[in-house]
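Quick notes on the structure that follows.
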Amino acid sequence: GLSAATALARRPAVTGAELRSAVPLPPPYQVPLPIPATLEPVSEGRYEIVQRETRAEILPGVRTSLWTYGGTFPGPTIESQRGRQITVTHRNELPVPTVVHLHGGRTPAASDGYPTDLVLPEGWTGHEGHGMHDHRAVVTELTRDYTFPLDQRPTLLWYHDHRMDFTAPAIWRGLAGLHIVRDDAEEALGLPAGHRELPLMIADRAFAADGGLLYPSLDPALRERPGVTEPYLAGVLGDVILVNGAPWPVHEVDAARYRLRVLNASNARHYELEAVTDDGRRLDLVQVGADQGLLAAPVTHRLLPIAPAERYDLVVDFSGVPVGGRVRLLNRLGSGRTRDVMAFRVARRAADDSRVPAVLSTDLPGWRRSDAVRVRDLAFRTGRVHGGHGWLIGGLPFDPARADVTTRLGDVEVWRLVADVHHPVHLHLVGFRVLSRSGGPPLPHDAGLKDTVSLRPGESVEIITRFDGYRGRFLFHCHNAEHEDMAMMANLEVT
Ligand code: C2O
Ligand code: CU
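Using the UniProt record's numbering, read the sequence shown as starting at 23 and increasing by one per residue.
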């Protein structure tokens, strides 16, 4: 017979079945949008985060237990200045080992959160590896200092768990937070700021009857059972859309421009965002930045696809909306409840001295194909892993002991990425530019410097980058978190 993975791979759908929540869900646009608190340093450049379980009210009247950074989901936001190094000490009080990765950070390998560099909980006697590929932990500590030089373009980063084979359930349970890098040049542009700059972490979840987060079992005995295998293999989808940890929230805004710093922190869900007024008008989503910071010039979208782990820095102008009116942020790829994301209610007229300059930045790397010293072909496809189904890069499952790509510090390379189903591909350490899609030009939302690119089913995408910064062992992988856990990850060795 056809394996579940092959059957899924042949399906045109971008993702698999959606989990159904077993508790009553609130109507949309009732819960206020939370803004995650900013983390205060314990001393200049030093932060501490305790990873611990907590119970929180995500759905009104329902208690949900979570794994958190510092007791909240999302975790606290870290605000940094470009080039000012910080150290974050993580202590693990969760029942499982964890690994912290700063996504999009230009971070030396020792602090990059390699999937076997574990922060152990006290008294941990468990065994690593759930049978897909057993392995040994390399570094094991109860606390760990992560040092981030942050010598990089200002942008929205995020930190999340990255433990080998178990990243997806850990993020699902709440291990994700934001990190914003700023600099003076960006501040001087005059983009909307203060309360008119909103981080929006979008993530889907599903809730069990006891209020806990629903997630398919990883028990190998259940893998072949329909309804367990399929959602897991394709990537786990929930029927509740959270923004900053609140279900379909609403936020009161001035009739003015806002800067929306959007992250898709979902395990597997892709969105196509549109901002729609009560009378059915679509507002412009003016993109000013990509994963790795400011674009050269703004790009206007009406409909914006966003894959897991991608960030889009958008300016939306609410000044044309009457006071009392509402703008809904909708997901064109959703159906039923997953079509709604959040709403903005225009509360008052207000002065607005913000602007969107025609030139946003002049420091984007302009690598050309002719700069590349190497071209690599990397296929992201389903396949067999140790007798089970998994996801492979170049025909191989992740092995922490194998160097998959070896490059030299300073080399420019072109990578040709091909996909069977939808795979958001992420590189650690570097930003890259999209050169082409299936032989044609990049799409409008491919502009700027990225660290995650959405490979659509059957597509081939060329990216170009320069491997600079640090030597050592880094990663690249699919950021569908379940694909990542099912071995779609590889080592990038910079020598
Ligand atoms: Cu956002 Cu290797 O991860
Ligand atoms: Cu994938």
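Where a beta carbon is used, it is the ideal one built from N, C-alpha and C, also for glycine.
In this text, all values refer to a predicted model and were calculated from it rather than measured experimentally.
{"Query": "What does the Cβ neighbour count give for Q309, buried or exposed, with the cut at 16 atoms within 10 Å?", "Result": "buried"}
{"Query": "Determine the DSSP secondary structure at Y492, reduced to helix, strand or coil.", "Result": "coil"}
{"Query": "Just checking W437 against the ligand CU - is the residue's beta carbon closer than 7 Å to any of the ligand's heavy atoms?", "Result": "no"}
{"Query": "Please report the straight-line C-alpha distance between G196 and A372, rounded to a whole angstrom.", "Result": "36 Å"}
{"Query": "Can you give the beta carbon distance from R283 to R324, rounded, assuming they're within the 8 Å contact cut?", "Result": "Not really, about 19 Å apart at Cβ, beyond 8 Å."}
{"Query": "Given a threshold of 16 other Cβ atoms within 10 Å of its Cβ, counted over all protein chains shown, does H217 qualify as buried or as exposed?", "Result": "exposed"}
{"Query": "Using the beta-carbon count (16 or more within 10 Å), is R455 buried or exposed?", "Result": "buried"}
{"Query": "Consider the C-beta atom of N286 and the heavy atoms of the ligand CU; say whether any pair is separated by less than 7 Å.", "Result": "no"}
{"Query": "Output the distance between the C-alpha atoms of L116 and A441, rounded to the nearest integer angstrom.", "Result": "36 Å"}
{"Query": "Going by the C-beta, is A331 closer than 7 Å to any heavy atom of the ligand C2O?", "Result": "yes"}
{"Query": "Below 8 Å CB to CB, which residues in the same chain sit around E504 once its five sequence neighbours on both sides are set aside?", "Result": "A190, Y254, L255, A256, G257, V258, N289, A290"}
{"Query": "Would P96 and P130 be called neighbours here (beta carbons separated by less than 8 Å)?", "Result": "no"}
{"Query": "Looking at the ligand CU, does it come within less than 7 Å of M510, judged from the CB to the closest heavy atom?", "Result": "yes"}
{"Query": "Excluding the five sequence neighbours on either side, which residues of its own chain have a C-beta within less than 6 Å of the C-beta of L61, listed in chain order?", "Result": "Y69, P98, I100"}
{"Query": "Does the beta carbon of H112 fall short of 7 Å from some heavy atom of the ligand CU?", "Result": "no"}
{"Query": "Secondary structure at D393, three-state DSSP: helix, strand or coil?", "Result": "helix"}
{"Query": "Can you tell me whether Y181 is helix, strand or coil according to DSSP?", "Result": "strand"}
{"Query": "Just mark P466 as buried or exposed, buried being the case when its beta carbon has 16 or more other beta carbons within 10 Å.", "Result": "exposed"}
{"Query": "Give the straight-line distance between the Cα atoms of T94 and R303, rounded to the nearest whole angstrom.", "Result": "36 Å"}
{"Query": "Compute the minimum distance between the beta carbon of H125 and the heavy atoms of the ligand CU, and state whether it is under 7 Å.", "Result": "no"}
{"Query": "Tell me which residues pass a beta-carbon proximity test against the ligand CU: closer than 5 Å to any heavy atom, given in chain order.", "Result": "H445, C500, N502, H505"}
{"Query": "Check G199 in the structure and name its three-state DSSP category.", "Result": "strand"}
{"Query": "Who are the Cβ neighbours of A425 in its own chain at under 7 Å, not counting the five residues just before and after it?", "Result": "N513, E515"}
{"Query": "Taking buried to mean at least 16 other C-beta atoms within 10 Å of its own C-beta, is P238 buried or exposed?", "Result": "buried"}
{"Query": "Tell me which residue opens and which closes the alpha helix (DSSP H) that D139 is part of.", "Result": "Here D139 belongs to no alpha helix (DSSP H); instead the beta strand (DSSP E) covers 139-141."}
{"Query": "Please confirm whether any heavy atom of the ligand C2O lies closer than 7 Å to the CB of H184.", "Result": "yes"}
{"Query": "Beta-carbon within less than 7 Å of G494's beta-carbon, same chain only, minus the 5 sequence neighbours each way: which residues are those?", "Result": "P130, A131, V516"}
{"Query": "For the alpha helix (DSSP H) that P191 lies in, which residues bound it at each end?", "Result": "189-194"}
{"Query": "Examine chain B for any beta-carbon lying closer than 8 Å to the beta-carbon of D375, and answer yes or no.", "Result": "Any reference to chain B falls outside this structure, which holds one protein chain only."}
{"Query": "Tell me whether H450, by its Cβ, gets closer than 7 Å to a heavy atom of the ligand C2O.", "Result": "yes"}
{"Query": "Could you tell me which whole alpha helix (DSSP H) segments of length 4 or greater appear in the segment 459-511?", "Result": "503-507"}
{"Query": "Do L140 and the ligand C2O come close, with the Cβ less than 7 Å from some heavy atom?", "Result": "no"}
{"Query": "Given 7 Å as the limit, tell me if L477 has its C-beta closer than that to any heavy atom belonging to the ligand C2O.", "Result": "no"}
{"Query": "Could you check which residue in H273, L414, G342 has the C-alpha nearest to that of D301?", "Result": "G342"}
{"Query": "Where do the N-terminal and C-terminal ends of the alpha helix (DSSP H) with D206 fall, by residue?", "Result": "206-209"}
{"Query": "According to DSSP, residue 526 sits in a beta bridge with which residue or residues?", "Result": "The chain is shown from 23 up to 517; residue 526 falls before or after that span and cannot be answered."}
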